[in-house]
Amino acid sequence: WSFGNSEQEQAPLIDNQNNIYLHAISDSYNNSKPALFSVNKDGDVNWFYPHNSRYLIGPFSEPTINKWGDIYFGYDTLYCVDYKGRLNWKYNLDNHITVPLVNDADGNIYFIKSKRFAEGVICLSRKGELLWEFLFPDGLSGGTGFESPVLGNGVMYLLSNNNNLIYKIE
Numbered sequence: 787w788s789f790g791n792s793e794q795e796q797a798p799l800i801d802n803q804n805n806i807y808l809h810a811i812s813d814s815y816n817n818s819k820p821a822l823f824s825v826n827k828d829g830d831v832n833w834f835y836p837h838n839s840r841y842l843i844g845p846f847s848e849p850t851i852n853k854w855g856d857i858y859f860g861y862d863t864l865y866c867v868d869y870k871g872r873l874n875w876k877y878n879l880d881n882h883i884t885v886p887l888v889n890d891a892d893g894n895i896y897f898i899k900s901k902r903f904a905e906g907v908i909c910l911s912r913k914g915e916l917l918w919e920f921l922f923p924d925g926l927s928g929g930t931g932f933e934s935p936v937l938g939n940g941v942m943y944l945l946s947n948n949n950n951l952i953y954k955i956e
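Count along the sequence shown from 1, then add 786; that gives the number in our numbering.
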């Protein structure tokens, strides 16, 4: 089966019930406006959540899911919907998300935001509250941005896109 009427450049997300989550534009749903779709293994739509994010192509818009079934996605706004497609919260950004989202065992969500290489790491709680924000000094990433953060033992590691700089945030 196939779904939507736009090319997909991001990986889909599959949950433990074999539901598939993906960004798509479909003539059959939401008047060809972008939405996050939940489809079953046969390609039938379970639900869709329309949104107003401007740009949804590339790895920065890949959805992620926490252990409670909350799904996070976005670009210029970070959205959190439950496993039935109901909005939990949204967090407006003054710039955009540049890498895939990462969440920890407590449901906190981490992402890198960027606006013309003025970059920073943001951590939001499972409820969408700002826990902390770290803004990088100008030029810290070497002007090339970062890969997706890696979390382990209470530490975040960031690799710059030029592959010769690693940052550790505790």
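Glycine included, C-beta positions come from ideal geometry on N, C-alpha and C.
Sorting A810, V825, L917 and Y815 by C-alpha distance to the C-alpha of Q796 places A810 at the top. For A810, the enclosing beta strand (DSSP E) has its first and last residue at I806 to A810. Put simply, of S900, C909 and D828 the residue whose alpha carbon is nearest the alpha carbon of N894 is C909. Sequence-distant partners of G829 (beyond 5 residues in either direction) whose C-beta falls short of 6 Å from its own C-beta, in its chain, are W787 and F789. Sequence-distant partners of K827 (beyond 5 residues in either direction) whose C-beta falls short of 6 Å from its own C-beta, in its chain, are N804. In the structure shown, the three-state DSSP call for S824 is strand. A straight line joining the alpha-carbon of V941 with that of S900 spans about 21 Å.
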